[in-house]
Amino acid sequence: GAVVSQHPSWVICKSGTSVKIECRSLDFQATTMFWYRQFPKQSLMLMATSNEGSKATYEQGVEKDKFLINHASLTLSTLTVTSAHPEDSSFYICSASVFGTDTQYFGPGTRLTVL
Amino acid sequence: GQQVMQIPQYQHVQEGEDFTTYCNSSTTLSNIQWYKQRPGGHPVFLIQLVKSGEVKKQKRLTFQFGEAKKNSSLHITATQTTDVGTYFCVSQKLVFGQGTRLTINP
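Chains as they are written, first to last, in this note's numbering: chain A, -2 to 112; chain B, 1385 to 1490.
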């Protein structure tokens, strides 16, 4: 139980294009989803927290207009990297949690490479 | 903002040796979680500690939460090759420690 999927698992795009990453909770309803980025051999850094049906809360230093987050249902959240640049290349991981619990269930991650 | 420091950054041990990673927060924690990330994988929840001085065990893993709720540790007894990975502590504000990468010589 508590499986989270991400799609795509990897993506290569040209600079200036936008990329959408999907995060789905497969066997549970996730009241809250989190988006992280992880650089090679480094820790995870929280980008934003999203609750179903409301606007995402972004961490300090994360541009909300660049990283668009939509949490339209209890099983789906999307992260859109707009006008991607090479410095946006990273490993993006989502996680989901159930209301009333602190446990996060992580997706397998999406590796984004911007050329 | 809250900072979570974790040491050591790397640890290489012989199979069968013990391993410990330590986590310190700049502020008092309401709880702390531990996750394990295998190479190429995603973090997997191990445990959450809530009470001051709490000690929890999972087979060969022992987790401790400090009396002041500002530090925590994870100790693995008699490591096995399946223990390889990076261990992260995470605060209630979702601040991750830098992680300790454990490698094991079989």
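By construction, the Cβ of each residue, glycine as well, lies at the ideal position given by its N, Cα and C atoms.
Check                                                                                                                                                                                       : Outcome
Would you mind telling me which residues of chain B sit closer than 7 Å to S40(A), beta carbon to beta carbon, in chain order?                                                              : F1472, F1480, G1481, Q1482, G1483
Give the range of the beta strand (DSSP E) segment to which Q26(A) is assigned.                                                                                                             : Segment: none, Q26(A) is in no beta strand (DSSP E) and carries neither H nor E.
Would you mind giving the Cβ-Cβ distance between W32(A) and I66(A), rounded to the nearest angstrom? I have them listed as a contact below 8 Å.                                             : 6 Å
List the residues of chain B whose Cβ lies closer than 9 Å to the Cβ of T29(A), in chain order.                                                                                             : Simply none; closest approach about 10 Å.
Quick check on T1466(B): buried or exposed, where buried means 16 or more other Cβ atoms within 10 Å of its Cβ?                                                                             : exposed
Among residues of its own chain, excluding the 5 on either side of E1438(B), which ones have a beta-carbon nearer than 6 Å to its beta-carbon?                                              : F1449
Identify, in the order they occur along the chain, each residue of the same chain with its Cβ nearer than 7 Å to the Cβ of E49(A), setting aside the five sequence neighbours on each side. : T28, H68, S70, L71
Would DSSP call T1465(B) helix, strand or coil?                                                                                                                                             : helix
Please check if any C-beta of chain B sits within less than 8 Å of the C-beta of L43(A).                                                                                                    : yes
Less than 8 Å between CB atoms is the rule here; does H1396(B) satisfy it with respect to chain A?                                                                                          : no
Rounded to a whole number of angstroms, what is the C-alpha to C-alpha distance between T14(A) and A81(A)?                                                                                  : 6 Å
Can you look up P1423(B) in the DSSP assignment and give me helix, strand or coil?                                                                                                          : coil
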